[in-house]
Every structure is written in C-alpha cells, then in structure tokens.
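A.B. asks: Residues in the sequence shown are numbered from 1 upward in steps of one, following UniProt numbering.
By construction, the Cβ of each residue, glycine as well, lies at the ideal position given by its N, Cα and C atoms.
Just so we're clear, the structure is a prediction, and the values are computed from it rather than from any experiment.
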Amino acid sequence: MSLDVHMASIVSSEGLNVIWLLTVTLLVVTTILFWRTKHSEAEKKSGTSSIRNDAPGTVANGHGSVTQQSVENNIPLTLGEVSVSKILIHPIKSCKGLSLSQSRFTPQGLEHDRKWCIMDANTHTIVTAREVSKMVLIEPRVEYNPSDSYGGRLVVKVPQTSGDVTFSVPLDPTPELLKEWSVLDDCNLFKVVYMDGYICQSLSPSEPDPTEVLSEYFGQRVYLMMKGPIPRECAPTKSFPDLKATAEYHDGYPILFASEESLHDVSKSIRLAADGENSPIGRIGGMNQDRWKDNDVEIERFRPNIVFEGAGHPWVEDMWRSVGHQSSP
C-alpha cells in the first residue's frame, strides 16, 4: 500500500500534542515498512485482477467485485470477494479529505481529487503537509448545483484563533471567468514537476478573499490554485515504461489504492512495536506505547482514494497488475 502520510497541528498545546502523536506514528509506520521490505523479497508475486462496478464512469462504495483472471507466481493466491469499502477525495492537496458514497472518475483520477492546491506566492512551490502540517485542518467541501453556471462551489473552512473563516470558489469556472483570473505555468511540486494553475478568486465579492485568508493562516503569502488545462504527464515506471497517464496536483499518479487487510497488518505491527524492547520489529524511541497497544491506525492517515476489503490477504493490491472497470449487463 503506497503511503502518503500528512500530519496535523494547531497553534495550541493540544495542537502540539497532535503534531507529536502524528510524528511518532509516521516514524512507526516507516520502521514497519522497512522491516516488511527486508522480510518480503521472497514473496514477490504478480497477477491481474479486474473490478466490476455497477455503472460506467462511476465507482460505487460497497459495490463491485474483483475476480482473479490469471496469476503468475510460485505460491497459489486465492482471493475472496473484493468490494469497495471507502471512497475518499482530497479536493485541496494536503488538506482534509472527504468520504463519499460514490464518485465520478476521469483519466486524471476521481472527480475533484487534488484539483486545487496551495502555492507559495514567492517561489511558486506547491505547499504540502510535509512542510506545513496544520494544512490538514483546512476543511474543503464540494457542493454540487447542476443549475448553477459553475456546477456548484468549493467551500473552504479555515481555522483561525478568532474563529473559523469560510470562503467559496467556483467548482468549475467558465472560460469567461477564467479569463479574469491570473494563470501561472510554473507551479512546481518538489521543484521537479512543473504545472500550470489559476489563482482562485472568491465566488462573491462579499466573501473573504482566499489569498488573504490562507496567507494569514500560513504566516506567508500563498495562493489557492486550481489546475490549469495543460496536461500534467505521469512518469513511466519500470513495469509500465510506455505509460500514458495524466494527473492533477497528485504526488505522482491519479489514483491511490489501499486495502483494509493491509491497514490491519500495519495496525498489528504497530501494536507489536508498542511492546517496546519485547517487540520483534525493534524498539521505537519516543513512541507512546500506551496509546498504540490497543488502538488501530485510521486509513485516512494514508490519504488513499479507493479502499478495498474482502481479499483475505494483506498487500494483495501490491500484486495487482491492473484494475479495470466494466459496466453492468
């Protein structure tokens, strides 16, 4: 399961405790993954699977199944009935995610997932929770309105010491409106990937300005950016050297999968690590052992898009060579 762990903080004593807790969690998970990698080289397998959902162009929570088409490995792999347990999108990169019952999908990923980001106004670098952990406390909400010329709005709630501040921006701005917005073509992610984007403006002049609200929260001048029209190509991989895929403001690729079984395996390993010196995976300094002896890790910490359950084995998603969609009869 690929991990994209983002940590939260607030400017209070409680917030500092949150930062410490999540920092320790990140350390624990990193140690577990390193241990698992060292002990799983002999278990590498490859296979193909397909997902069956109930409507083209959508992924439905709780519907669909994965069936084994062909498996090439030395150890037989029998999958159970696999279904979608959770669908999550993160409209603004590194900010709080949304749990959905269903979602449309596009070649760039689930609709509105990481379509927006927050960018340093001086360096044009996309800011993530790796640098500013309290970003995850910003709460975006998608409100659809088919009768609206913009298809609805993105409502953003930003915590402030004096109380939450809320503003909204158009969900799908019209070409006429975009002509009034400033556009940049050098938004950079990790100073490696360069993309275009529009500097978002409030839906109404009477609402707070996104730039001013977010700049106050970050303590530096930042912009809320919406991905522009120039396709952002994904890097090919060793397994798929001819990969043709595009993404929005994702770290690398359009969709991130995870499974409940893999999460349970991580939680189990964390509980083992909480045994301290008696742990088979070693001792982790600074870990709150009482906190993790009986508690599970939430899947939301890893910021996936589609979570599966039912395979019966952890990490099977690492062995799937493809996940497809078929329409109902």
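Do the stretch 301-316 and the stretch 241-261 make contact, defined as three or more Cβ pairs closer than 8 Å?
C.D. replies: Yes, since at least three Cβ pairs between the stretch 301-316 and the stretch 241-261 fall closer than 8 Å, the two stretches touch.
A.B. asks: Any idea which residues DSSP pairs D120 with across the strands?
C.D. replies: Answer is V222, bridged to D120.
A.B. asks: Who are the Cβ neighbours of A245 in its own chain at under 8 Å, not counting the five residues just before and after it?
C.D. replies: The answer, listed in chain order, is P107, E233, C234, Y253 and P254.
A.B. asks: Grab me the residues of E180's own chain with a C-beta within less than 8 Å of its C-beta, minus the 5 sequence neighbours each way, in chain order.
C.D. replies: So the list reads Q201, once near-sequence residues are dropped.
A.B. asks: Please classify F190: is it buried, with 16 or more other beta-carbons within 10 angstroms of its beta-carbon, or exposed?
C.D. replies: Exposed, since its Cβ has fewer than 16 Cβ neighbours within 10 Å.
A.B. asks: For the stretch 119-133 against the stretch 157-173, are there 3 or more C-beta pairs whose distance is under 8 Å?
C.D. replies: No, because fewer than three Cβ pairs between the stretch 119-133 and the stretch 157-173 fall closer than 8 Å, the two stretches do not touch.
A.B. asks: Expressed to the nearest angstrom, what Euclidean distance is found between the alpha-carbon atoms of E309 and Y198?
C.D. replies: One C-alpha to the other measures close to 38 Å.
A.B. asks: Looking only at C-alpha atoms, which of Q160, H112 and N295 sits nearest to L153?
C.D. replies: It should be noted that the sequence gives Arg, not Leu, for residue 153. When only C-alpha atoms are compared, the closest one is H112.
A.B. asks: With DSSP run on the structure shown, which of helix, strand or coil describes M195?
C.D. replies: Of the three classes helix, strand and coil, the one that applies to M195 here is strand, per DSSP.
A.B. asks: What are the boundary residues of the beta strand (DSSP E) that E309 is part of?
C.D. replies: Element bounds for E309: I306 to E309.
A.B. asks: If we call anything under 7 Å between Cβ atoms a contact, is K115 one with E248?
C.D. replies: In this structure, E248 lies closer than 7 Å to K115 by Cβ.
A.B. asks: Which same chain residues end up closer than 6 Å to C117 when comparing Cβ atoms and leaving out the 5 residues on each side of it in sequence?
C.D. replies: If we look at C117 and ignore the five residues flanking it on each side, its Cβ neighbours are K93, I126, M225 and Y249.
A.B. asks: Which residues mark the beginning and the end of the beta strand (DSSP E) in which S259 is found?
C.D. replies: Residues F257 to S259.
A.B. asks: Among L79, M119 and S103, which one has its Cα closest to the Cα of V222?
C.D. replies: It is M119 whose Cα lies nearest to the Cα of V222.
A.B. asks: Please return the same chain residues whose Cβ sits closer than 7 Å to the Cβ of L214, not counting the five positions on each side in sequence.
C.D. replies: The answer, listed in chain order, is I118, V158, V222 and L224.
A.B. asks: Determine the extent of the alpha helix (DSSP H) in which E317 is found, giving its start and end residues.
C.D. replies: Counting along the chain, E317 falls outside any alpha helix (DSSP H), and DSSP gives it neither H nor E.
A.B. asks: Where does L137 land, buried or exposed, given buried means 16+ other C-beta within 10 angstroms?
C.D. replies: Buried, by the Cβ-count rule.
A.B. asks: Using the beta-carbon count (16 or more within 10 Å), is T128 buried or exposed?
C.D. replies: With 16 or more Cβ atoms within 10 Å of its Cβ, T128 is classed as buried.
A.B. asks: Taking the alpha carbon of P91 as the reference point, which residue from G80, T161 and S103 has its own alpha carbon closest?
C.D. replies: The shortest Cα separation from P91 among G80, T161 and S103 belongs to S103.
A.B. asks: Which one or two residues does DSSP pair with A247 in a beta bridge?
C.D. replies: In DSSP, A247 forms a bridge with R232.
A.B. asks: Using the Cα positions of D54 and V84, report the straight-line distance between them to the nearest angstrom.
C.D. replies: Confidence at D54 is low in this model, with a pLDDT of 36, below 50, so its placement is unreliable and the value that follows should be read with caution. Going by the C-alpha atoms only, they are around 12 Å apart.
A.B. asks: Does V136 come out as helix, strand or coil in the three-state DSSP assignment?
C.D. replies: V136 falls in the helix class under three-state DSSP.
A.B. asks: Determine the DSSP secondary structure at L154, reduced to helix, strand or coil.
C.D. replies: Strand, per DSSP.
A.B. asks: Using CA coordinates, which residue listed in G109, C95, K86 and P140 is at the minimum distance from S101?
C.D. replies: S101 has its Cα closest to that of K86, out of G109, C95, K86 and P140.
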